[in-house]
Every structure is written in C-alpha cells, then in structure tokens.
Amino acid sequence: MALSRKTPIEHIEYAIIVSTLLLLVVVTVQPILNLLAVSLSAPGKVPGMSGLAILPDGLSFEVWGVLLQHPNVQRGIINSIFITGVSTLIGVVGTALMAWGLSRPNLPGRKALFILVLVTIVFETGIIPDYFVNKRLGLLDSYWSVILYKAVNAWYLIILIRFFEEIPNELLEAAELDGANPFQIFWHLVLPLAKPALATISLFYLVFHWNEFFRAMIYLNDQEKWPLQVVLRQFVIDGDKVAIVGADSANNNTGAGQLNLRALKAGMILLTIVPILAIYPLILKFFTKGTMSGALKG
Amino acid sequence: MTDRQHALTASNGGNVPINSARRKPGRVSAFADGWRRWWPYYVMMAPGILFFLVFHYLPIWETRIAFEQVRIVPPNVWVGLKHFQVLFSSSVFWQVLANTLIISTMKMVFFLPVPIIVALLLNEVRGGSLRKFIQSAIYLPHFLSWVVIAGIFIAALSPTDGAVNNLLGMAGIAPRSFMTDMGAIRWVLVFTEIWRSAGWDSLLYLAAIIAIDQQLYDAAEVDGANRWQKIWHVTLPGIVPTIATLFILNAGMFLNADLNQVINLSNDVVRSKIDIVDTYVYRIGLQTGEYSLATAAGLFKAVLGTMMIVIAHFVSKRLTGKGVW
Chain S
41 MALSRKTPIE HIEYAIIVST LLLLVVVTVQ PILNLLAVSL SAPGKVPGMS
91 GLAILPDGLS FEVWGVLLQH PNVQRGIINS IFITGVSTLI GVVGTALMAW
141 GLSRPNLPGR KALFILVLVT IVFETGIIPD YFVNKRLGLL DSYWSVILYK
191 AVNAWYLIIL IRFFEEIPNE LLEAAELDGA NPFQIFWHLV LPLAKPALAT
241 ISLFYLVFHW NEFFRAMIYL NDQEKWPLQV VLRQFVIDGD KVAIVGADSA
291 NNNTGAGQLN LRALKAGMIL LTIVPILAIY PLILKFFTKG TMSGALKG
Chain C
271 MTDRQHALTA SNGGNVPINS ARRKPGRVSA FADGWRRWWP YYVMMAPGIL
321 FFLVFHYLPI WETRIAFEQV RIVPPNVWVG LKHFQVLFSS SVFWQVLANT
371 LIISTMKMVF FLPVPIIVAL LLNEVRGGSL RKFIQSAIYL PHFLSWVVIA
421 GIFIAALSPT DGAVNNLLGM AGIAPRSFMT DMGAIRWVLV FTEIWRSAGW
471 DSLLYLAAII AIDQQLYDAA EVDGANRWQK IWHVTLPGIV PTIATLFILN
521 AGMFLNADLN QVINLSNDVV RSKIDIVDTY VYRIGLQTGE YSLATAAGLF
571 KAVLGTMMIV IAHFVSKRLT GKGVW
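So the protein lines, in turn, are chains S and C. Note that the first sequence covers residues 41 to 338 in the numbering used here. Note that the second sequence covers residues 271 to 595 in the numbering used here.
Laid out in structure tokens, this is it:
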C-alpha cells in the first residue's frame, strides 16, 4: 500500500503495535531462554543467577552430561520414543482406515457410526471408569494402557473424514470401474492423495502422545516404564532430587549432588521439549495450515 | 439377479426361499446387497470401531459402580443414589465445584480477549518475515505439556531467582511467592493459560480476518478511515461470528478447568483454592480408593458437561451456523 502517504502519527502507531507484539515474544521466549542459560552456566555461577538472564554465566555442559547419563532419564527417553512412536503409528493407521469408510457417503450404517463417535466427544466418563477398563483388560502397568489411550482420536478422525470427502468422486468411480477393490483404492489412490492430511494427523498424534503424562502417571506403577514427562514431573514438580542424582549423591552432597538443583531442573525441562523444538518447523507448517483451513483445534 | 441371489444365500446361510427369484428386492436382499459391496470398508474400519467400543463404551458401562457398593469379594451391591447423596452433602464437593466454576469464569473473562487483540495486532504487521517471526515465537507454548509449563513457571515465579520477582525487585517491590500464595494462585492459572494458548488461538481469529473481503477495506480507505476505524468498523464485525462460536464452544467446556494444568501447578499450600472436580475425582478415587464416590462425582460432571456442550452446540449452530461437530 501507499507507504508514502503515512503520517508521523501512523508511524508511531505502527511502532507501538510492533513493540507490543515483540514484548509478547519476549514474555513467551524469555522464560525458556533463561532455563537454557541456567542449565549451561558454570555450576558455581548458578546460585544467585537472575531469572532475567538469557545468556549463560560461564559455560558448562556438566548438567546436561549428568542428565543424559542418568538411568531414569535414559529409560524415560527410550520409553517416550517407544510409546509415542507406536501410538502414533497405530493412531494414524486406525484413524485413516476408519475415516476412509466413514467418508463414503453411501456406507450403510454411516450415521450410526458417526453417532457412536460423536457420543464419545460429548460424553467423557472420566478417569475412574477408564482406569477400571484398563484394569479389567489387564493392561495396568503395561505400555499398552498408555499406547491405546486415545489411540483413535475422535477429532482427528473427523478432520480426516472431511479431507477424504473432498477427493473427487469421479476419481474413485473410475478406479472402481477399472475393477479395483476398496483396499486397492485406499492404498493406491486415497493414501497418496491424502499425504498432507496424513502428515498433519501424524504430527497431531506425535505431539499429543509425547506430551501425555497423566495416563502414564496413573496407569504405570513401574518406574522402568515411565515416559520422560512422568520422570520430569517427579523431579521438577514433586521436587524429588534423589530421583535424578541418586540417594548417595543427594545425601552426601557429592558428585551430581553438588550440582545446583535449579540447573538440573532447568536442563530436565529443556530435555523434554527438545523433540518438540526439533519438529517445530514441521508443526508450524502443518498445524497452521490445518487450522487455517477451518480444521479444529489440536 | 444372480448377484442378489448370491448375496441372499450368503446372508441366510443357504436357505434360499424357493420364490426368491421372483421377489422384489426386499429389506433382507437390499441389506445383503449392501453388505456384498461394503464389507471391505467394515473390515478396514473394524480396528477403529473396536477401539471406540472398548475404550469409550466399556467405561460408560463401568460407571455403574457409581450406583454400587464396591466389595472386596464380588459381586458389588446395588445401592442406588446413595453415593450421590453422600457427594451432595459433602462440603468439599461443593467447594471444588465452586472452584471449577470460578476458575473457568476467570479464564473466560480474561483469556478470551487476548487472542483477539493479538490477531488484530498481527494483522497490522506489514513485513511478512516479521510477522512469521512473531507467530513462530508465540505459537510455541501451545505444543508444550503442562508438566513442562509448570516447570517453567515454578522457575519464573520463584521468590528468590524468578524473572517476575527479579523485575518487581527492580521496581522496589518485595518478592512474593506466587505459587504458594492463596490470593495469587488462581491468577497463575489464568496467566499460564494465556501464556500457553493465547498466541495459538489468535491463529483462529487471524484466519477469519484474512477471509474478510479486501474490498471492504478499500471502501473504508476511500471514506478516509484510519487504522483504528478500519479495525472497529470492518475487521471486528468481520470476526464477530468466529468470536461468538469460540465463546459458545468454550462455554460448553466450562466444567473442564483443565486437570493437567491444575495437577501440575497445585501444591499443598494452595490446594483448597484450585482443587477442581477433576482433581477431586483423581484424589478420592485413585489416591484414597473411594471408587464409587469418585465415579459418582465424575459422572455428575460428565452429565452436566454433556448437557452444556450439546446446548452450546445447538446455540452456536443457530446463531453462527458452526457447531462443535
């Protein structure tokens, strides 16, 4: 637009708008940068370090070293990757297969199935009945209790149905006339066309399962099976230092026990969000598109 | 005709009525016809359907323990509404219900305008890369778990070395321990909610703003409207339907004050202020083992919540054409 016509007042207005938004950026990012700074600072410098600092005081990777070598953290990383990977795979396959059927307008029983799904969105029975179902199925303390929780997410299912519905019917009919069966049509025609939608759904599941902690906390008693989020909670929220540095070091203030608890916590929090940061460019691309095209909140 | 006969044979185990060939396609044969064509789809949908039945409908069946006395040696005894009577006469339950409503109201009043303002401001930013930079930053917290966010805020609100108290200190204000402050903790919930989702939610409004007809802005320009007049007379009216939809949908979720948030930001000192129905259910159910009472509380919330969502859906459909589903 005609920039030349802008008056000084409009320039000031614009500066205020941009500064307000940049302030928002600072409020969002600063607390995270501060944790990074604290976790990377020289151990001696951490006590008394300002919460406003965004650059490390000295440089030390000791905290990250202790965390990454800690058996609980290592187990947590492996568990989280396993649980997230398997649930995402199951979720995407199950959701895509079900959405394909539900997207066919003439499917007998389509309406009944839709109601079956919608009821689950509207009526949430709560944690105790869920817990008992898992108990009855013998899933408690098994990875499957967590993996199967929201394995097929009703919202993501609806998003995918909407996408499949937009595949031109002529394309599907042509394939049918060529003698392709529904399995072949799904595999050779629908899936390749749905790649962007499937990528979006995969990311939805990935983020959801990586961040899930409550079900893992109530279903998994065995610490060996805890995902990173539960390990993080035990250490940061419950403030259980022994959980990370071990009873010996904590009691005698030796080894890792000498490290500043604040720095260890900061490192642990960041460790948990590394995967999210790693795929963040993809998240921005697909989540943003998904939301902009009128899909529902993830 | 042979096709239909085949289908019929398959559907009633080979007992083909003698006059079947002359019969008009009836209900059974139409069904069989459909099945012949559609069974592959049902095979593909089977895992998904099974999942919904087992993990969403079995729990509904399990809620019957809200009406039973759990016994160590089964079977349980049917006690009707006894647990609900206990629940409704418990002052703790009314307290957590009140907390839930207060926290939801606070979130609604103070959260809702923020993403709208952010979207309006973002829309004014001209440089594409500047806008992208701001968006990338403010969307991030939406993708972090509440465990992580609680960790971040416990650090940032620390009375000794948290960013907030360091800032207040520079202004000469004495440090305050927000996380253990009865008067502050609800505001911590409101603020962390804003921190987490206001940026991301602005995207929904931004999408609505971008969909506004550019000609309206051009016309306003011709009329000599300035930036604020354009926002007030063109942009805001353009996103009113979106605002209304999101407001109504949020109202429908009113009883979900967010278990994950509260459970991670809560502590013994402030629990009574932010104990919500969900945390109450969790505590008396899984920690104390009063399964029936907890299930009754959960069921009460679920029924009320369902009513609110369904009402919200139809109100929203009526007013804005968009519903929950």
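For every residue, glycine included, the Cβ atom is placed at its ideal position computed from N, Cα and C. Remember, predicted model here, so these are calculated numbers, not experimental data.
Beta-carbon proximity of residue i to residue j, cut-off 7 Å
i                   : j                   : result
leucine 75/S        : isoleucine 309/S    : yes
alanine 433/C       : glycine 91/S        : yes
tryptophan 465/C    : proline 411/C       : yes
threonine 462/C     : phenylalanine 423/C : yes
alanine 55/S        : alanine 77/S        : no
leucine 459/C       : isoleucine 533/C    : no
phenylalanine 204/S : alanine 139/S       : yes
alanine 478/C       : threonine 505/C     : no
serine 586/C        : glycine 575/C       : no
leucine 233/S       : isoleucine 207/S    : yes
glycine 116/S       : valine 285/S        : no
alanine 239/S       : leucine 200/S       : no
leucine 211/S       : serine 120/S        : no
aspartate 545/C     : valine 356/C        : no
proline 317/C       : glycine 134/S       : yes
Proximity to residue i [Cα-Cα], best of the options
i                : options                                : result
glycine 350/C    : Gly439/C, Ile387/C, Arg334/C           : Arg334/C
threonine 370/C  : Asp471/C, Val547/C, Glu560/C, Lys500/C : Val547/C
tryptophan 416/C : Ile313/S, Gly141/S, Phe326/S           : Ile313/S
alanine 566/C    : Ile319/C, Ile443/C, Phe448/C, Phe337/C : Phe337/C
arginine 202/S   : Ser143/S, Arg273/S, Ser185/S, Val132/S : Ser143/S
serine 59/S      : Gln339/C, Val395/C, Pro317/C           : Val395/C
asparagine 300/C : Val133/S, Leu147/S, Ala136/S           : Here residue 300/C is alanine; the residue named in the question, asparagine, does not match the sequence. The shortest C-alpha separation from alanine 300/C is found at Leu147/S.
methionine 578/C : Phe163/S, Val132/S, Ile319/S           : Phe163/S
threonine 68/S   : Asp451/C, Ala468/C, Arg306/C, Asp303/C : Ala468/C
valine 418/C     : Ile323/S, Gly307/S, Glu50/S            : Gly307/S
lysine 265/S     : Ile123/S, Leu95/S, Val65/S             : Ile123/S
tyrosine 487/C   : Leu476/C, Tyr550/C, Gly508/C           : Gly508/C
leucine 390/C    : Asp471/C, Arg446/C, Ala407/C           : Asp471/C
Bridge partners - residue i, DSSP secondary structure assignment
i               : result
glutamine 339/C : Val347/C
Cutoff 7 Å: residue i Cβ touching any chain S Cβ
i                : result
asparagine 530/C : yes
glutamate 394/C  : yes
alanine 291/C    : The pLDDT assigned to alanine 291/C is 43, lower than 50, so where the model puts this residue is not dependable, and the model offers no usable value.
tryptophan 308/C : yes
lysine 587/C     : no
isoleucine 342/C : no
methionine 523/C : no
glutamate 463/C  : no
serine 360/C     : no
Residue-level contact to chain C via CB, residue i, 7 Å cutoff
i                   : result
alanine 42/S        : Its pLDDT being 45, under 50, alanine 42/S is placed unreliably in this model, and the value from its coordinates should be taken loosely. No, alanine 42/S does not count as interfacial toward chain C.
leucine 311/S       : no
asparagine 193/S    : no
threonine 240/S     : no
glutamine 263/S     : no
aspartate 170/S     : yes
phenylalanine 326/S : no
phenylalanine 244/S : no
glycine 141/S       : yes
proline 222/S       : yes
phenylalanine 122/S : no
glycine 178/S       : no
serine 127/S        : no
serine 90/S         : yes
glutamate 216/S     : no
asparagine 209/S    : no
glutamate 206/S     : no
valine 65/S         : yes
valine 276/S        : yes
Next item on the list: Please confirm if the segment 170 to 179 of chain S is in contact with the segment 323 to 330 of chain C, defined as three or more CB-CB distances below 8 Å between the two stretches.
Entry: yes
Check: Do three or more CB pairs link the segment 310 to 329 of chain C to the segment 186 to 195 of chain S at distances below 8 Å?
Finding: yes
Item checked: Cβ contact (3+ pairs, closer than 8 Å) linking the segment 529 to 542 of chain C and the segment 113 to 130 of chain S -> no
Next item on the list: Count the C-beta pairs between the segment 270 to 282 of chain S and the segment 372 to 381 of chain C that are closer than 8 Å, then say yes if the count reaches three, no if not.
Entry: no
Check: Okay, do the segment 520 to 530 of chain C and the segment 575 to 588 of chain C touch, 3+ Cβ pairs below 8 Å being the bar?
Finding: yes
Check: Any contact of the segment 82 to 91 of chain S with the segment 104 to 123 of chain S, i.e. 3+ C-beta pairs under 8 Å?
Finding: no
Next item on the list: Answer yes if the segment 351 to 361 of chain C comes into contact with the segment 560 to 578 of chain C, meaning at least three C-beta pairs across the two stretches below 8 Å, and no otherwise.
Entry: yes
Checklist line | Three CB pairs or more closer than 8 Å across the segment 256 to 264 of chain S and the segment 179 to 186 of chain S | finding: yes
Margin query: At a CB distance below 7 Å, what residues from the segment 466 to 479 of chain C approach chain D? Give them in sequence order.
Written below: Absent here is chain D; the protein component of the structure consists of chains S and C.
Note to self: Any contact between the segment 485 to 505 of chain C and the segment 400 to 414 of chain C? By contact I mean 3 or more CB pairs, one from each, below 8 Å.
What the structure shows: no
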